[in-house]
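K.L.:
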Amino acid sequence: MARKFILFIFQILYRFIFKPLAFQVDAEVVHNAMTALGEFLGRSKLLRNVLALTFAKRPKNLSQKILGIKFNSPIGLSAGFDYEARLTQITPSLGFGFHSIGTVTNNSYDGNPKPMLGRLPKSKSLMVNKGFKNSGARAISNKLGKVKFEIPVGVSIGRTNNPQLGQAESIRDVVASFRTFEASKVSCSYYELNISCPNLLGTVTFYEPKKLDELLTAVDVVRVKKPIFLKLPITKSDDVTLSLLKVAAKHKIAGVIFGNLQTNRNDPALDKNEIKKFKIGNFSGKPTWQRSNELIELAYRNFKDRFVIVGCGGVFSTEDAYFKIKKGAQLVELITGMIFVGPQLIAQINQGLLEKLKADGFKNISEAVGTGVI
Ligand SMILES: Cc1cc2nc3c(=O)[nH]c(=O)nc-3n(C[C@H](O)[C@H](O)[C@H](O)COP(=O)(O)O)c2cc1C
């Protein structure tokens, strides 16, 4: 009860003091400052432990073993917040159960022309136009080589954002990143293969079954030792999505993530006036909510025995996370909810999920997975 109260106080302070101030400053500047602060806090064992006392309870009921990996909480940090792998030491203290770094690409990239990030408070969304800003697979794998992780850390891999690279070169480029990490000492637990970033230059696509098949055939050859989760778009029809899942099922893909950003500017969750401010970019948060849920359910109905399903998109509360779990997600990822509600959100969701499990008579979170699919 006392812990719940402390988390509530954090939420109030975030909502009425930190957020109004931070939202006055350029989103990219705040993001960089927050990741620098997170990296700094993560260096102190004392600070990590103090934070963990409030934020990181690890109840057995939320713990799952999936693909041989122990997840203390089903809530993870989605790819795109920590593209330089600066936060792996601090996220466990906030209650995260896992953490995806990246997306990392074979060659470094300084990011798309600005603006790369913007806020749409009315739509509960962020405009994203980074296009895989990162320092490249080699630099990041070198940086992480000696780092120990308290929770499962995954590396999200995508194609280098360079319009000069054609289809075949992009496949070789993705394979090269997998090889770099596999040959490194990075103790990651899983990979994400991100084929669904809508902010990349050029015409390369893996949304056609044949093209996805070519990519995954090349990745199979690497004989990656850790599970790979394929991150899919939320913008394709059910039929196209099923055809991509059928292809993925033939390859060494252990899980699927639904999904990436919203590209449809007419999505009803986007405020019509607010979106006019943004000429470029794609959208996170609530505009991704509905379609990601539909696709989680689609994957669960058709492939629940084949894939681990990771739900991602528009999670701002316990209810949102539990909804995705009941639709079939074993794990849930988020970014935007944390930015709008505050970093205490993860601990609040963990606490709230325990209450939901109790109310529904489940002993472990895994028992709730898919119970909302009739
Ligand atoms: C600032 C930002 C950067 C992102 N960059 C990536 C990325 O590099 N790779 C990726 O797979 N997804 C990226 N995404 C998409 C998120 O991982 C996630 O799929 C999407 O935002 C929906 O989740 P959310 O509503 O909880 O933010 C990014 C999202 C945001 C907000």
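Following our numbering, the numbering of the sequence shown begins with 12 at its first residue and continues without gaps.
C-beta atoms are modelled at their ideal positions from N, C-alpha and C, and glycine is treated no differently.
Going by other Cβ atoms of all chains shown within 10 Å of its Cβ, with 16 needed for buried, is Asp-37 buried or exposed?
P.N.:
Classification for Asp-37: exposed.
K.L.:
Identify every residue that forms a DSSP beta bridge with His-42.
P.N.:
Answer by DSSP bridge pairing: none, since His-42 is not bridged.
K.L.:
Measuring straight from C-alpha to C-alpha, what distance separates Ile-182 and Gly-169?
P.N.:
Going by the C-alpha atoms only, they are around 10 Å apart.
K.L.:
By DSSP, does Val-186 sit in helix, in strand, or in coil?
P.N.:
Val-186: helix per DSSP, three-state reduction.
K.L.:
Taking the runs of the beta strand (DSSP E) that are 3 residues or longer, which of them lie wholly in the region 99-133?
P.N.:
Counting only runs of 3 or more, we get 109-115, 128-131.
K.L.:
Label Glu-330 either buried or exposed according to how many other C-beta atoms from any shown protein chain fall within 10 Å of its C-beta, with 16 as the threshold for buried.
P.N.:
The residue in question, Glu-330, is exposed, as its Cβ has fewer than 16 Cβ neighbours within 10 Å.
K.L.:
In this structure, how does DSSP classify Gly-393 when only helix, strand and coil are distinguished?
P.N.:
Because residue 393 is not part of the residues shown, which for the chain are 12 to 385, the question remains open.
K.L.:
CB Leu-312 to CB Val-384, shorter than 8 Å?
P.N.:
Checking the sequence shown, residue 312 turns out to be Arg, not Leu. Cβ distance < 8 Å, so Arg-312 and Val-384 count as in contact.
K.L.:
If contacts are defined as beta-carbon pairs under 8 Å, then Gly-339 and Ile-320 qualify, I think. What distance do you get, rounded to the angstrom?
P.N.:
That pair is a contact at about 5 Å.
K.L.:
If you draw a straight line from the C-alpha of Leu-155 to the C-alpha of Val-197, how long is it?
P.N.:
The alpha-carbon atoms of Leu-155 and Val-197 are separated by roughly 6 Å.
K.L.:
List, from N- to C-terminal side, the alpha helix (DSSP H) runs of 4 residues or more that fit wholly inside the region 170-232.
P.N.:
Segments of the alpha helix (DSSP H) lying fully in the region 170-232: 178-194, 220-232.
K.L.:
Any idea what DSSP makes of Lys-237, helix, strand or coil?
P.N.:
The answer is coil: DSSP assigns Lys-237 none of H, G, I, E or B.
K.L.:
Let me see if you follow: with CB-CB separation under 8 Å, is Ala-280 close to chain B or not?
P.N.:
The chain labelled as chain B is not found in the depicted structure, where only one protein chain is given.
K.L.:
When we look at the beta-carbon of Ala-280 and count the other beta-carbons within 10 Å, is it buried (16 or more) or exposed?
P.N.:
So Ala-280 counts as buried.
K.L.:
Considering only heavy atoms of ligand 1, does any lie closer than 7 Å to the CB of Ala-96?
P.N.:
Not so, every heavy atom of ligand 1 lies at least 7 Å from the Cβ.
K.L.:
In chain order, what residues of the same chain have a beta carbon less than 6 Å from the beta carbon of Ala-33, not counting five sequence neighbours either side?
P.N.:
These residues qualify, in order along the chain: Val-41.
K.L.:
Bridge partners of Gln-419, per DSSP?
P.N.:
There is simply no residue 419 to check, as the chain begins at 12 and stops at 385 in what is shown.
K.L.:
Within 8 Å, do at least three Cβ pairs link the region 365-373 to the region 343-352?
P.N.:
No: fewer than three Cβ pairs fall under 8 Å.
K.L.:
Nearest-angstrom Cα distance between Leu-226 and Phe-217?
P.N.:
Distance between the alpha carbons of Leu-226 and Phe-217: 8 Å.
K.L.:
Name the residue from Val-258, Lys-283, Asn-173 whose alpha carbon lies nearest to the alpha carbon of Lys-135.
P.N.:
The shortest Cα separation from Lys-135 among Val-258, Lys-283, Asn-173 belongs to Lys-283.
K.L.:
Looking at the structure shown, is Val-321 part of a helix, part of a strand, or coil, going by DSSP?
P.N.:
Note: Val-321 maps to strand in three-state DSSP.
K.L.:
Taking Phe-269 as part of the beta strand (DSSP E), name the residues at either end of that continuous run.
P.N.:
That run of the beta strand (DSSP E) goes 266-269.
K.L.:
Does Phe-289 come out as helix, strand or coil in the three-state DSSP assignment?
P.N.:
Correct three-state label for Phe-289: coil.
K.L.:
Using CA coordinates, which residue listed in Thr-228, Lys-297, Ala-332, Phe-92 is at the minimum distance from Pro-85?
P.N.:
Taking only the C-alpha atoms, the option nearest Pro-85 is Ala-332.
K.L.:
Indicate the three-state DSSP secondary structure (helix, strand or coil) for Val-384 in the structure shown.
P.N.:
Of the three classes helix, strand and coil, the one that applies to Val-384 here is coil, per DSSP.
K.L.:
Go ahead and label Arg-59 buried or exposed: buried means 16 or more other beta carbons lie within 10 angstroms of its beta carbon, across all protein chains shown.
P.N.:
Per the 10 Å Cβ criterion, buried.
K.L.:
Near Leu-241, what residues of its chain come up, given a Cβ to Cβ distance below 6 Å and the 5 sequence neighbours on each side ignored?
P.N.:
Cβ within range, chain order: Leu-204, Ala-259, Ile-264, Val-267.
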